[in-house]
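In what follows, a structure is listed as structure tokens, so that the remarks can point back to it.
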Amino acid sequence: MTSPIKSPKKLIEVALPLDDINAACAHEKMPGIGPHPRGIHLWWARRPLAAARAVLFAQLVNDPGYQRELGYGVNKQEAERKREKLFDIIRDLVKWENTNNEEVLNRARVAIWESWRETCHLNRNHPEAAELFNPEKLPAFHDPFAGGGAIPLEAQRLGLESYASDLNPVAVMINKAMIEIPPKFAGQPPMGPIPEGEKQQKMHEDWSGAKGLAEDVRRYGHWMREEAFKRIGHLYPKVEITPEMVAERPDLKQYEGEELTVIAWLWARTVKSPNPAFSHVDVPLASSFVLSSKKGKEAYVEPVVESDEYRFEIKVGKPPVAAKLGTKAARGANFTCLLSGAPISGLHIKSEGEAGRLGARLMAVVVEGKRGRVYLSPTQDAEAVAKSAQPEWKPETSLPNDPRNFWTIPYGLKTYGDLFTARQLVALTTFSDLVQEARKKAIADAKAVSLPDDGQGLAQGGAGSTAYGEAVSVYLTFCVDRCADFNNSLTGWRQGNEKIMYLFARQSIPMAWDFGEANIMENVVGGFITNLEYQVKCLLKLGTSAVKGNALQLDAATQDISKLKVISTDPPYYDNIGYADLSDFFYVWMRRSLRNIYPSLFGTMAVPKAEELVATPYRHGSKEKAENFFMDGMTRAIHNLAIQSHPCFPVAIYYAFKQSETKQGSTTSTGWVTFLEAVIQAGFSIDGTWPMRSEQTHRMIGMGTNALASSIVLVCRKRLITAETISRRDFQRQLREEMPEALETMIGGVTGQAPIAPVDLAQAAIGPGMAIYSKYEAVLNQDGSKMSVHDALVLINRAITEFLNPDSGNFDADTQFCASWFDQYAWSAGPFGEADTLARAKGTSEAGLKEAGVIESGSGKVRLLKWSEYQSEWDPATDKRTPVWEACHQMIRRLQNHGESAAGELLAKMPEKGEAIRQLSYHLYTLCERKKWAEEARAYNELIGSWHAIVAASHETGHAGEQGGLDI
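Dropping the structure here:
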């Protein structure tokens with residue numbers, strides 16, 4: 002492709018409604034939003050769907066701004082109007098409730114097609130137009146680090162044929178389940194038998210999208226549960242409330258003679274007592290004896306010691322302080338012997354574990370009562386039933402020797418099979434075996450209702466009865482995986498809401514001393530049916546797309562799938578998460594059920610690890626070697642993207658911050674600089690750096706602190722092979738010439754449409770500067786050496802500061818004085834002499850500032866007035882001297898006291914000052930944040946965050962005088 006390609010800038014290279022995107026990401030991460038595609042199968046550190054969808058859309062649509070070299074685009078004012086329409090699409094697109102809203106999605110798809118056809122028209126005379134610029138076919142999409150599948154799923158939702166690849170077979174299977182399998186059977190009605198006791202569905206039920214497939218997963222899942230109960234139900238008996246139990250516990254009287262369903266059994270691990278007098282006794286390692294801390298429903302375990310024996314009794318009522326501590330002596334593996342009070346050290350516990358003497362003792366049985374949980378004392382029979390389980394198989398794959406993330410090995414739990422109780426192993430293997438039986442049953446049922454069968458399975462690209470049965474079994478396998486997450490000996494019991502915790506609350510496998518064992522046979526947290534029904538609901542959240550999807554196992558550094566595709570990807574970062582090691586937990590169960598369906602994907606006993614791009618010191622011998630391995634591999638992978646990606650679209654690469662990097666105000670951390678260097682060395686120029694934040698629980702702009710984003714989206718273009726070198730002086734000149742317009746657009750243009758929050762500006766504003774730096778082969782210092790990324794970032798940050806600084810010449814003399822005085826004294830009083838000198842230097846006077854109403858002067862002191870002290874009935878139309886400083890703080894006063902509508906009314910009276918007010922607010926926020934003046938920063942944050950609504954309100958009021966400057 003030697004002929005030049007006309008590629009308009011994409012929206013993501015110019016501006017984004019970042020605050021709206023981040024707010025949507027935060028909402029999506031909140032608990033209680035209901036079923037989500039991520040619930041189909043656990044994966045670590047997934048990107049929010051809102052972020053993936055917004056970034057993809059902005060990668061695909063053209064920015065309307067005028068580009069002289071292409072003869073494309075419209076004037077500045079018209080561009081802002083058109084850009085605002087695209088922003089509105091994004092604002093609707095990222096809302097959680099619109100995830101599958103076809104009206105909203107179609108608006109986005111129409112805009113994507115319109116931009117693509119514009120691009121095709123611009124390149125209609127290109128010699129490879131037939132291959133590269135077919136106006137009737139969108140380019141396909143590829144994510145080479147697909148992981149949990151959020152980005153490929155959203156590409157498919159927006160109408161692109163989606164390709165996902167990853168080295169990890171668990172990730173590949175998740176992507177198959179999200180983008181490859183559902184479109185194959187879109188619109189297919191269910192064929193399985195309706196579970197016993199349920200009513201027949203209507204003849205004309207809506208089975209669009211994956212609804213029919215999801216329903217069959219549910220039906221065969223119910224069949225599996227019934228079959229499992231026939232085989233192992235005796236291991237999960239109910240508990241009869243006897244008169245003897247009522248005599249000891251009068252609160253059980255209402256249940257006398259009834260058989261109650263067990264929700265969970267609560268166990269404590271045991272070791273031999275270190276006290277020689279009791280060395281024959283297995284004593285408990287209990288981190289707490291509290292069972293329920295719910296007000297009015299408190300319950301706890303009371304150990305009863307008799308000589309060299311003990312038993313556990315359940316008490317109801319407020320637990321004593323001692324119960325909260327269990328047998329814990331201190332943090333970590335430090336306990337006290339229940340019988341003797343002797344300390345049990347971590348070394349003793351490790352010794353017992355290594356010797357295979359780590360046991361477990363039943364502490365309590367949790368049953369379902371009429372109005373909540375009922376706790377029962379354990380019995381020998383209950384413990385005997387659990388220990389009668391004889392598993393015929395267990396996963397023998399070894400846990401990795403990674404002490405940072407895997408904590409069980411020193412205590413003798415060295416294989417994945419060791420993480421489960423005998424009863425849990427029997428249950429999980431039973432359900433795993435039943436997946437194969439359900440597959441055969443589903444194939445037979447599909448043939449019986451005349452679904453054509455080509456004899457080809459999913460791995461061979463089949464779409465008939467055989468493939469359909471296999472598809473059902475994939476999701477049933479995922480259900481077994483989810484059960485494993487809840488049914489292992491590392492799951493805690495949550496006292497507050499009285500339920501089992503799942504294992505992967507964090508990206509590690511920690512040790513647990515007491516644990517809950519869920520009743521997998523019942524409809525409880527951790528139960529098979531509970532997990533099944535939840536996953537089916539999550540499957541329905543995939544949408545109704547029939548667009549083709551493909552998931553493959555490929556190395557990002559060597560794959561050739563990316564050729565001429567749109568690329569957006571979230572690669573692993575350094576040593577944040579050991580995906581391969583963690584995913585072995587699921588792989589051992591997945592392989593058992595699916596290796597006959599995908600033999601090449603599950604050909605190894607464990608997940609491949611040698612080529613995984615994670616800087617894991619234990620695997621590479623040292624931290625330095627691990628980081629070198631990571632950066633070399635990542636550079637090769639990114640270079641592969643640079644040479645293959647479609648020339649008309651920027652590549653989006655998510656960069657995830659390590660926790661240690663997220664220092665206040667940092668935009669030049671070592672890891673960040675190193676990653677930027679790798680991207681540039683790989684052949685990319687960087688056109689954007691957008692901060693994406695998904696962890697906040699409320700709008701960051703109201704906090705007054707600069708909590709850095711959890712990830713940065715790098716927007717990259719392939720650097721031209723004809724790129725030249727420039728001098729440091731020319732680089733600085735280009736920053737001065739080009740940065741102001743780029744920053745003005747970024748913070749909302751003249752209209753302030755979607756202003757970027759100040760907390761994000763420092764990071765996002767690097768993008769336009771890096772675009773200048775990275776488009777050249779090199780920027781040369783005076784001595785001929787190449788300027789480093791670090792030094793470039795210093796100059797870029799300086800240019801940002803100069804743009805926002807009131808002394809840059811964009812502000813009146815009064816405002817320049819106020820900004821400088823605020824920098825030194827904030828709202829405190831300072832010497833009159835200093836104020837007089839500063840005022841003269843800025844071209845104003847103390848008398849003029851007092852006339853403007855921005856200072857108080859007297860007794861040899863001068864003080865800036867706070868916004869709360871400003872005149873309440875102020876009208877700019879009658880004010881003879883209105884510096885931007887005054888206008889800005891009057892806007893803050895109006896917003897704080899009367900809201901956005903009232904602030905809009907005020908802005909309508911001085912629309913010509915809107916841009917300057919907003920720019921001053923950015924500057925003052927940055928200043929306050931740097932000085933850690935959180936309270937002061939909050940006011941400027943809130944003004945900028947409300948700017949879009951304020952402008953809209955000003956239009957409803959109608960502008961006084963000139964109106965064009967605020968048109969949207």
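FYI, in this note's numbering the residues of the sequence shown are 2 to 969. We put the beta carbon where it would ideally sit given N, CA and C, even for glycine.
Could you name the residues that DSSP lists as bridge partners for residue i?
i	result
V6	According to the sequence provided, residue 6 is Ile. The question's Val does not apply to it. Answer is none; I6 lacks a bridge partner.
I713	Y656 and P692
R977	Only positions 2 to 969 of the chain appear in this structure, which leaves residue 977 out of reach.
R374	E369
T416	S399
R362	A269
D167	Q554
Rounded to the nearest angstrom, what separates residue i and residue j at their Cα positions?
i	j	result
G1	G148	A question about residue 1 goes unanswered here, because the residues of the chain that appear run from 2 up to 969.
A278	S346	17 Å
P453	G463	11 Å
G703	E14	At G703 the pLDDT is 34, less than 50, meaning the model places this residue with poor confidence; the figure from the coordinates comes in the next sentence. Roughly 27 Å separates the two Cα atoms.
M632	I568	20 Å
V952	E887	18 Å
R882	T845	12 Å
Y301	D252	14 Å
M74	A55	Here residue 74 turns out to be Gly, not Met, going by the sequence shown. If you take the alpha carbons of G74 and A55, they lie about 22 Å apart.
V284	A581	36 Å
K11	R931	33 Å
F676	L377	56 Å
A611	P401	13 Å
K664	L595	The predicted model places K664 with a pLDDT of 42, which falls under 50 and marks its position as unreliable; any figure quoted below should be read in that light. For K664 and L595, the distance between alpha carbons rounds to 44 Å.
V105	A16	21 Å
A141	N99	24 Å
P183	K30	25 Å
A449	V589	33 Å
K867	K843	21 Å
L648	F58	Before going on, a small fix: residue 648 reads as Pro here, not Leu. C-alpha separation (whole angstroms): 17 Å.
S584	D419	16 Å
For the beta strand (DSSP E) that residue i lies in, which residues bound it at each end?
i	result
F516	D515 to A519
A265	V263 to K273
E857	I856 to G859
R864	K862 to L865
V567	V567 to T570
Q554	G550 to Q554
N782	Looking at the DSSP string, N782 is not in any beta strand (DSSP E), and its letter there is neither H nor E.
N335	N335 to T337
P285	D283 to L286
Would you check if the distance between the CB atom of residue i and the CB atom of residue j is smaller than 9 Å?
i	j	result
T570	F146	yes
S858	L850	yes
V366	L267	yes
V62	L477	no
V652	G160	no
S546	A187	yes
H223	K566	no
A472	K185	yes
I970	N520	Because residue 970 is not part of the residues shown, which for the chain are 2 to 969, the question remains open.
V291	E299	yes
Between which two residues does the alpha helix (DSSP H) harbouring residue i extend?
i	result
R902	The residue you asked about is not Arg; residue 902 is Ser in the sequence shown. Start and end: E901 to L908.
D434	A423 to A449
P769	I767 to S775
F142	F142 -> not in any alpha helix (DSSP H); beta strand (DSSP E) instead, spanning F142 to D144.
R730	R729 to M747
Y923	G915 to K932
T545	No alpha helix (DSSP H) holds T545; DSSP gives it neither H nor E.
Taking residue i as the reference, which of the options has the closest Cα?
i	options	result
L865	G213, V855 and G66	V855
E81	E249, D64, F487 and K933	D64
S902	K843, Q391, E957 and R47	E957
L1	I644, L642 and L553	Given that the chain is displayed from residue 2 to residue 969, the structure contains no residue 1 and the question cannot be resolved.
L796	G413, Q817, M771 and E257	M771
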